[in-house]
Amino acid sequence: MAGLIRVLVVDDSAFVRKVVTQMLGRSPFIEVVGAARDGGEALEMVTELAPDVVTLDLVMPRMDGIEFLERQMAVKPVAVVVCSITQQSGAAALQALDLGAVDFIQKPTALATDRVYEIAEELIAKVKSAAEVSLPLAASIAATPRPKRASPALEVTPRSAGGPLRSDIVVLGISTGGPQALRLVIPQIPVDFPVPIAVVLHMPVGYTEMYAQRLNDISAITVVEAHAGDEIRPRTMYLAPAGQHLSFVRAAGGAVQAHLDLEPHDTQHRPAVDVLFRSAANVYGNRVLGVVMTGMGSDGLFGSAHIQAKGGRILTEAESSCVVYGMPRAVVEAGMSNRAATLGDMASSILDMI
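Counting from 108, one number per residue, gives the positions in the sequence shown under the numbering used here.
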């Protein structure tokens, strides 16, 4: 985006509005153009100021963040980064993503105001990422109807079931735009999907278990947050818990189990796609299908190289359907993508490639 990123800060706390404004002011690429006390003021100021990004609290008097999103997105989509407290608004944060918010960050509680400044770097990065989002595409994905319940009648297509399996596991990395994208792709995976799926989704601590439960409710396969020692089984998706790397170990009897760890510490994200991909290649060898979908940055690039070095294959999301074409672009430009698929074709492409 050319020029400064224009940001509107929305929070009912004057202290938080001031601190968020100061934090964003640390970046020479961001300009805070206004601050609103609730959703009603925010609606007026979005019309008046036309910000590129809105940082949005969810728990506010008069008009909360959810109502703001419902009304604003119906008129004109805007890039929204939710900035709220997990304990108060975990379910609401996931609802906000369904309504079109592109990302969210966990705000420290009011009793720990000295910690608010600790999120400055992460907040700046998420605002920059949000400014790169394809708003029409993000709004279109958010507006796509989701299934209300899992469909156990789904079956593997004859094309997918007609030959021997070429992969023993699917590992998938995704970031900005990921919660919305996965809610479209995973429900299309058939109930008798013959291999496990392990996913790293960049998400703040406190949300992944709830997100996995919500995804499980609308999917034919089982979706769980991964726990240490879980046996990795077919027909199941394992979501890496926020704050811990997910990798694999092969037990003495031959079964593969989930391993959770805080190390390595030198990754930009925890969990990291690179860690998951590298571990999958080490444990499963050439029988790995890596999938890299929408997201800012290049997490997954080195992991994809490791998968390919072991003889595995990589599927990337096509630029035309990515909310942010960062992670897939890095893999494609490095010459490591074996195939690209749009969001609408992602499930069928995964089936075809395994």
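Here a beta-carbon is modelled for each residue, glycine too, at the ideal position from N, C-alpha and C.
_Once DSSP output is grouped into helix, strand and coil, what is the label at A412?_
Translated into the one-based positions of the sequence shown, residue 412 becomes position 305. Here A412 sits in helix by DSSP.
*asked:* Can you look up Y391 in the DSSP assignment and give me helix, strand or coil?
replied: As a working mapping, residue 391 is identified with position 284 in the sequence shown. Y391 falls in the helix class under three-state DSSP.
*Under the three-state reduction of DSSP, which class applies to Q364: helix, strand or coil?*
Residue mapping note: residue 364 aligns to position 257 of the sequence shown, counting from 1. Three-state result, Q364: strand.
*Could you tell me if L204 is buried or exposed, where buried requires 16 or more neighbouring beta carbons within 10 angstroms of its beta carbon?*
As a first step, residue 204 must be located in the sequence shown, where it is residue number 97. Buried is the call here.
*Is the distance from the Cβ of V431 to the Cβ of E239 below 8 Å?*
Here the question's residue 431 lines up with position 324 in the sequence shown. Here the question's residue 239 lines up with position 132 in the sequence shown. Yes, they are a contact pair.
_C-alpha distance - E160 paired with V187, whole-angstrom precision_ = In the sequence shown, the residue the question calls residue 160 occupies position 53. In the sequence shown, the residue the question calls residue 187 occupies position 80. The question names Glu, yet the displayed sequence has Val at residue 160. One C-alpha to the other measures close to 6 Å.
*Do you know how far the Cα of T423 is from the Cα of Q202?*
Taking the first residue of the sequence shown as 1, we reach residue 202 at position 95. Taking the first residue of the sequence shown as 1, we reach residue 423 at position 316. C-alpha separation (whole angstroms): 27 Å.
*I212, enclosing beta strand (DSSP E) - first and last residue*: The residue given as residue 212 occupies position 105 in the sequence shown. Note, I212: beta strand (DSSP E), 210-213.
*Using three-state DSSP, classify G146 as helix, strand or coil.*
Position 39 of the sequence shown, counting from 1, holds the residue named residue 146. Three-state result, G146: helix.
*Whole angstroms is fine: what's the gap from F409's alpha carbon to M460's?*
By one-based count along the sequence shown, residue 409 stands at place 302. By one-based count along the sequence shown, residue 460 stands at place 353. C-alpha separation (whole angstroms): 21 Å.
*Excluding five sequence neighbours on each side, which residues of the same chain lie with their C-beta closer than 8 Å to the C-beta of L156?*
As a working note, residue 156 is residue 49 in the sequence shown. Correct list, in chain order: R113, L115, V140, G141.
*Look up H352 in the DSSP assignment and give the residues it is bridged to.*
Taking the sequence shown and counting its residues from 1, one reaches residue 352 at position 245. Paired residues: D368.
*Chain-order list of residues whose beta-carbon lies under 6 Å from that of K417 (same chain, five-residue window excluded)*: Numbered from 1 along the sequence shown, position 310 holds the residue referred to as residue 417. Once the five neighbours on either side are set aside, the close Cβ partners of K417 are A388, G392, N393.
_Using CA atoms only, rank isn't needed, just tell me which of G419, H413, K233, T315 is closest to L396._
By one-based count along the sequence shown, residue 396 stands at place 289. That would be G419, whose Cα lies nearest to the Cα of L396.
*If you run the structure through DSSP and keep just helix, strand and coil, what is L165?*
Working through the sequence shown from its first residue, we reach residue 165 at position 58. Correct three-state label for L165: coil.
*Kindly identify the DSSP beta-bridge partner or partners of G141.*
Counted from its first residue, the sequence shown places residue 141 at position 34. Answer is L115, bridged to G141.
*asked:* Whole angstroms are fine: how far does the CA of Q287 sit from the CA of G402?
replied: As a position in the sequence shown, residue 402 is number 295, starting the count at 1. As a position in the sequence shown, residue 287 is number 180, starting the count at 1. One C-alpha to the other measures close to 12 Å.
*Measuring alpha carbon to alpha carbon, tell me which of A319, R340, L206, A333 ends up nearest D299.*
Your numbering for residue 299 matches position 192 in the sequence shown. Ranking the options by Cα distance to D299, first place goes to R340.
*What is the C-beta distance between P184 and G207, in whole angstroms, given that I count them as a contact (C-beta under 8 Å)?*
As a first step, residue 184 must be located in the sequence shown, where it is residue number 77. As a first step, residue 207 must be located in the sequence shown, where it is residue number 100. Indeed, because the Cβ distance is near 6 Å, the residues count as touching under 8 Å.
*If you draw a straight line from the alpha carbon of A425 to that of D381, how long is it in whole angstroms?*
Walking along the sequence shown from the start, residue 425 turns up at place 318. Walking along the sequence shown from the start, residue 381 turns up at place 274. The alpha-carbon atoms of A425 and D381 are separated by roughly 20 Å.
*For D119, which residues from the same chain have a beta carbon less than 7 Å from its beta carbon, with the 5 sequence-adjacent residues on both sides left out?*
The residue labelled residue 119 in the question sits at position 12 within the sequence shown. These residues qualify, in order along the chain: R144, D145, D164, M167, P168.
_Tell me the rounded alpha-carbon separation between R357 and R133._
Your numbering for residue 357 matches position 250 in the sequence shown. Your numbering for residue 133 matches position 26 in the sequence shown. In a straight line, the C-alpha of R357 is about 46 Å away from that of R133.
*Got a sec, what are the start and stop residues for the alpha helix (DSSP H) V439 sits in?*
What you label residue 439 is simply residue 332 of the sequence shown in a count that begins at 1. Segment 434-440, the alpha helix (DSSP H) holding V439.
*Can the beta-carbon of D406 be found closer than 8 Å to that of A379?*
As a first step, residue 406 must be located in the sequence shown, where it is residue number 299. As a first step, residue 379 must be located in the sequence shown, where it is residue number 272. Yes.
*Check whether the Cβ atoms of L272 and V306 lie closer than 8 Å to each other.*
What you label residue 272 is simply residue 165 of the sequence shown in a count that begins at 1. What you label residue 306 is simply residue 199 of the sequence shown in a count that begins at 1. The answer is no: Cβ separation not under 8 Å.
*DSSP bridge partner residues for S191 (one or two, in chain order)*: Residue mapping note: residue 191 aligns to position 84 of the sequence shown, counting from 1. According to DSSP, which records beta bridges pairwise, S191 is partnered with Q213.
*Which of the three DSSP states, helix, strand or coil, is assigned to L230?*
Within the sequence shown, residue 230 is the residue found at index 123, counting from 1. The answer is helix: DSSP assigns L230 an H, G or I state.
*Please confirm whether I212 and K233 have their CB atoms less than 8 Å apart.*
For the purposes of this step, residue 212 is taken as the residue at position 105 of the sequence shown. For the purposes of this step, residue 233 is taken as the residue at position 126 of the sequence shown. Yes, they are a contact pair.
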